[in-house]
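S.K.: Take this structure, written in C-alpha cells, and hold onto it; I'll ask about it next.
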Amino acid sequence: MKTLHGIPASNGIAVGPVFHLRRTQVQVKAGTIDDPAAEWARLEAARAAARAEIEALVTRATQVGESEAAIFEAHRMFLDDPALLDAVHARIEEKRQNAEAAWNAAIENYAATLETLDDPIFRTRAADLRDVGGRVLRRLAGVAESAAAPTIPSVIVAAELTPSDTVQLDRALVLAFCTAGGGPTSHAAILARALGCPAVVGLGPALEDLAAGTTVIVDGTTGLVVADPDPATLASALERQTADRAVRAQALAWASAPAITRDGHRIEVVANLGAAAEVETALAQGAEGVGLLRTEFLFLDRQTPPDEDEQVEAYRAILTALNPPGLTGAEREPAIQRPLIIRTLDIGGDKPVPYLDLGQEMNPFLGVRGLRLGLAHPDLLKTQLRAILRAGVAGRVLVMFPMVTTVAEVRAAKALLAEAQAELDAAGLPHRLDGVGIMVEVPGAALLADQLAAEVDFFSLGTNDLTQYTLAADRTNSGVAALADALHPAVLRLIERTAAAAHAAGGWCGVCGELAGDPVAVPILVGLGVDELSMAPAAIPQAKEIIRGLSFSEARDLARRALNLASADEVRALMGR
Ligand code: PEP
Ligand code: MG
74 MKTLHGIPAS NGIAVGPVFH LRRTQVQVKA GTIDDPAAEW ARLEAARAAA RAEIEALVTR
134 ATQVGESEAA IFEAHRMFLD DPALLDAVHA RIEEKRQNAE AAWNAAIENY AATLETLDDP
194 IFRTRAADLR DVGGRVLRRL AGVAESAAAP TIPSVIVAAE LTPSDTVQLD RALVLAFCTA
254 GGGPTSHAAI LARALGCPAV VGLGPALEDL AAGTTVIVDG TTGLVVADPD PATLASALER
314 QTADRAVRAQ ALAWASAPAI TRDGHRIEVV ANLGAAAEVE TALAQGAEGV GLLRTEFLFL
374 DRQTPPDEDE QVEAYRAILT ALNPPGLTGA EREPAIQRPL IIRTLDIGGD KPVPYLDLGQ
434 EMNPFLGVRG LRLGLAHPDL LKTQLRAILR AGVAGRVLVM FPMVTTVAEV RAAKALLAEA
494 QAELDAAGLP HRLDGVGIMV EVPGAALLAD QLAAEVDFFS LGTNDLTQYT LAADRTNSGV
554 AALADALHPA VLRLIERTAA AAHAAGGWCG VCGELAGDPV AVPILVGLGV DELSMAPAAI
614 PQAKEIIRGL SFSEARDLAR RALNLASADE VRALMGR
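In terms of the working numbering, the numbers along the sequence shown are unbroken and rise by one, the last being 650.
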C-alpha cells in the first residue's frame with residue numbers, strides 16, 4: 074500500500090485500475106533540403122490535415138461545453154498564426170531546414186518565450202501551442218494521432234492532461250483523473266468538475282511510477298491517492314463511495330426543489346456559467362438562475378472584440394435557454410423569471426488580448442484588471458453595457474462589475490451605464506435592467522462595504538480572489554495552495570461584514586467564488602447571512618440538500634464559532650473535516 078498526497082481538484086471517491094495516458098512522441102528528423110517550395114507544400118498539407126482534426130475536436134468539445142470548444146478555437150488560431158508561419162518560412166527558405174525541423178524550432182521558440190513570462194496563463198498557452206505543434210509533426214511523420222485509450226473504466230493517470238487528450242476520452246470509461254503536475258485551475262481539474270468526477274492534481278512524479286492496472290483509491294475531497302490498498306482500506310473506501318453515491322443520487326432527485334432550511338429560511342442557489350451551452354446542464358442540476366456569467370468567453374482568443382449586436386445575441390441566447398418558451402402567463406413576467414447576472418469583462422494583464430494593448434505588468438493580479446481595465450477602455454465597457462441593457466428586454470438581467478476597489482470606481486461605472494442608457498433612448502432602442510451589483514473580491518471593498526452598499530443593489534463575494542488578496546497567496550501557485558484556503562477566519566470575517574452591510578442598506582449578498590459550492594463551507598456561509606450561492610452546476614444538488622438539512626439558527630451559531638477560530642484547519646475541524 075502506498076499513499077500519494079496531491080491537491081484536491083474535484084470532489085468524490087473513485088476506486089479502479091490505473092490507466093496511463095501517454096501521447097505518442099514524434100522524433101523530429103532534422104535535415105536540409107534543396108527544394109524549399111516542395112517543403113513548404115508538405116508543411117501546408119500537414120497543417121491542413123491538422124486543421125481538419127482540430128475542427129473535429131471543436132465539434133466534439135462543444136458537447137462538453139463552449140469553454141472546452143474555445144480551447145480548440147485557440148489551437149486553430151495558433152495553427153494560422155502569421156508570426157509563427159513567417160518564422161517557419163524563413164527557416165525553410167533561408168536555412169534550408171526541412172519542414173519538421175523548421176516547424177519544431179519555431180514552435181519551441183514561441184513556447185519558450187511564453188514560458189519566460191512566468192505567468193500561469195501563459196504557461197497554459199505554451200502547453201496548447203506544443204499540443205498544436207505535436208499535431209502537425211505527427212502528420213509530417215505520418216504517425217497515428219494518439220495514445221491508446223482505456224477499454225475498461227479506469228483512473229486516468231498522466232503527467233499533465235492536454236485538452237486534446239481529455240476530449241478524446243470516452244467519458245463512460247473515466248472514473249477519475251490524477252495528474253503529477255498541475256494546480257486546482259489546471260485543465261484536468263476544470264474538466265473533472267464539469268464532468269462531476271473526482272480528481273487529484275499535483276501528485277508529483279511518483280504517480281507515474283505506478284504500474285498500469287494497479288488498483289488505486291482516489292479521494293478528490295482530501296487529495297489522497299492510495300495505491301494497492303490493503304483489504305481493510307479498500308473496504309472502507311468502497312463503503313464511503315457507496316454512501317457518497319447514495320447522497321448524490323438523493324440530492325439529484327431533489328435538485329429542482331428549492332433550498333429551504335428546516336426553520337424556513339430560503340437560500341437562492343444559482344449557477345456560474347462560462348458559456349451559453351452550459352445552461353441546459355445547469356437547469357438539470359437545479360440551478361434557479363445564473364449568479365455569475367463570466368463574459369470572458371466572448372472576448373478572448375480572437376483578433377477583434379465582439380461588437381454590440383454579437384453580444385446582444387449571445388446574452389439573449391442564454392436568457393432564452395434559461396427561460397424556455399414553454400413557460401406561460403405569470404411565469405413569463407420578468408420579475409419571476411430566472412435571473413441572469415452578467416459580469417462585465419474581467420480580464421487584465423495576465424490574459425493575452427490581441428486587440429488591447431495591455432502591456433506587461435510585474436504583478437498582473439495587482440494591476441489593471443476587472444473594472445479597472447473597463448474604466449481604462451470606456452468604449453469597450455460601454456459597448457458591453459449597451460448590449461447588456463438591450464438584452465435585458467428579453468428577461469431578468471442584472472449587471473455586475475468585477476474587481477471593485479473604491480466607491481469612485483463604482484460611481485464611474487454607473488455614470489457609464491447612465492450614458493449607455495441615454496444613448497439607447499436617443500437611438501430609440503428598447504432596454505431594461507433589473508439590478509446593478511459589484512463583486513466584492515478585494516479586502517478594501519469588503520472593509521468599506523457599508524459605503525459601497527449605498528451605491529448598488531447587491532454584492533457577490535468573489536472568494537477566489539478575496540482569499541488570494543486577504544491571505545497574500547497567489548491562487549494559481551500550487552506552492553501556496555494550502556495557505557489559500559477560503560475557510561480561513563480572516564476571509565469569513567470579511568464575508569460576514571459584507572453580507573451585514575448589504576442587508577443594512579436594504580440589498581442582498583451572494584457568494585460566487587468556489588467556496589459557495591464547497592459542501593464544508595455551505596452551512597457556514599448560510600450562517601454568515603449570505604442570501605445566494607452561485608456555483609459550478611455539478612455542485613448544486615448537494616449544496617441544496619445540505620441547506621435543507623440545516624437549521625438557520627444553528628448555522629448562525631456555527632458561523633459565530635467559526636469567526637472566532639484562528640485558522641482554516643480549526644474551521645475544518647469544527648465542521649468535522
Ligand atoms: C472569484 O474571484 O471568486 C470569482 C468568482 O471570479 P473569478 O474566479 O472569475 O476571478
Ligand atoms: Mg475574481
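Ideal placement from N, C-alpha and C gives every residue a C-beta, glycine not left out. None of the values given here were measured: they were computed from a predicted structure.
Who does Ala81 pair with in a DSSP beta bridge?
M.R.: Residue identity differs from the one stated: residue 81 is Pro in this sequence, not Ala. Answer is Val273, bridged to Pro81.
S.K.: Check whether the segment 429 to 439 and the segment 485 to 494 are in contact - that is, three or more C-beta pairs closer than 8 Å.
M.R.: They do not touch, by the three-pair rule.
S.K.: Can you name the residues that DSSP bridges to Ala249?
M.R.: Ala249 pairs with Val228.
S.K.: With DSSP run on the structure shown, which of helix, strand or coil describes Gly539?
M.R.: First, the residue type needs correcting, since residue 539 is Leu and not Gly in the sequence shown. DSSP places Leu539 in helix when its eight states are reduced to three.
S.K.: Just mark Asn436 as buried or exposed, buried being the case when its beta carbon has 16 or more other beta carbons within 10 Å.
M.R.: By the neighbour-count rule (16 or more Cβ atoms within 10 Å), Asn436 is not buried but exposed.
S.K.: Decide yes or no for the touch test of the segment 604 to 614 against the segment 359 to 379: beta carbon pairs closer than 8 Å, at least 3 of them.
M.R.: The answer is yes - the segment 359 to 379 touches the segment 604 to 614, with three or more Cβ pairs under 8 Å.
S.K.: Which of helix, strand or coil does DSSP assign to Ile106?
M.R.: DSSP places Ile106 in coil when its eight states are reduced to three.
S.K.: Is the segment 207 to 218 touching the segment 118 to 129 in the sense that three or more CB pairs, one from each, lie closer than 8 Å?
M.R.: Yes, the segment 118 to 129 touches the segment 207 to 218.
S.K.: So, is Thr132 buried or exposed, given that buried needs 16 or more other C-beta atoms within 10 angstroms?
M.R.: Exposed, by the Cβ-count rule.
S.K.: DSSP on Pro278, reduced to helix/strand/coil?
M.R.: Note: Pro278 maps to helix in three-state DSSP.
S.K.: Measuring from the CB of Gly535, is there a heavy atom of the ligand MG at a distance below 7 Å?
M.R.: Yes, Cβ of Gly535 sits closer than 7 Å to a heavy atom of the ligand MG.
S.K.: What span of residues does the beta strand (DSSP E) with His351 cover, start to end?
M.R.: Checking the sequence shown, residue 351 turns out to be Glu, not His. Glu351 -> no beta strand (DSSP E), and no H or E assigned at all.
S.K.: Using a Cβ-based criterion (distance less than 7 Å to any ligand heavy atom), does Asp238 qualify as near the ligand MG?
M.R.: No, since every heavy atom of the ligand MG falls outside the 7 Å radius drawn around the Cβ of Asp238.
S.K.: Does the ligand PEP have even one heavy atom less than 7 Å from the beta-carbon of Asp201?
M.R.: For the ligand PEP, not one heavy atom lies less than 7 Å from the Cβ of Asp201.
S.K.: In three-state terms, what does DSSP make of Val289?
M.R.: Strand at Val289.
S.K.: Cβ-heavy atom distance between Gly586 and the ligand PEP below 7 Å?
M.R.: True, at least one ligand heavy atom lies under 7 Å from that Cβ.
S.K.: Give a yes or no on whether the C-beta atoms belonging to Ala147 and Ala103 are separated by under 8 Å.
M.R.: The answer is no: Cβ separation not under 8 Å.
S.K.: May I ask you to check if the CB of Asp204 is nearer than 7 Å to at least one heavy atom of the ligand MG?
M.R.: No - the ligand MG has no heavy atom lying nearer than 7 Å to the Cβ of Asp204.
S.K.: Got a sec: does the ligand MG put a non-hydrogen atom nearer than 7 Å to the Cβ of Pro223?
M.R.: Answer for Pro223: no, Cβ out of range of the ligand MG.
S.K.: Between which two residues does the alpha helix (DSSP H) containing Ala178 stretch?
M.R.: Run containing Ala178: Ala172 to Thr189, per the alpha helix (DSSP H) assignment.
S.K.: What's the call for Ala403, buried or exposed, on a 16-neighbour Cβ count within 10 Å?
M.R.: Confidence at Ala403 is low in this model, with a pLDDT of 47, below 50, so the placement of that residue should be treated as unreliable; the coordinate-derived value is given next. Per the 10 Å Cβ criterion, exposed.
S.K.: Run the CB neighbour count on Gly85, radius 10 Å, all protein chains shown included, and call it buried at 16 or more, exposed below.
M.R.: Buried.
S.K.: Going residue by residue through the segment 295 to 331, where are the continuous alpha helix (DSSP H) segments of at least 4 residues, counting only ones entirely within it?
M.R.: Those alpha helix (DSSP H) runs which fall completely within the segment 295 to 331 and span 4+ residues are 304 to 326.
S.K.: Give the secondary structure of Ala344 by DSSP, where H, G and I count as helix, E and B as strand, and everything else as coil.
M.R.: Of the three classes helix, strand and coil, the one that applies to Ala344 here is strand, per DSSP.
S.K.: Going by other Cβ atoms of all chains shown within 10 Å of its Cβ, with 16 needed for buried, is Gln615 buried or exposed?
M.R.: Per the 10 Å Cβ criterion, buried.
S.K.: Go through the segment 545 to 615 residue by residue and report every complete run of the alpha helix (DSSP H) that reaches 4 residues or more, in order.
M.R.: Listed in chain order, they are 562 to 577 and 595 to 600.
S.K.: So, using beta-carbon positions, are Glu369 and Leu418 closer together than 8 Å?
M.R.: Yes, the Cβ-Cβ distance between Glu369 and Leu418 is below 8 Å.
S.K.: Is the segment 277 to 284 in contact with the segment 314 to 334, if contact means three or more CB pairs nearer than 8 Å?
M.R.: No: the two stretches stay apart, fewer than three of their Cβ pairs being nearer than 8 Å.
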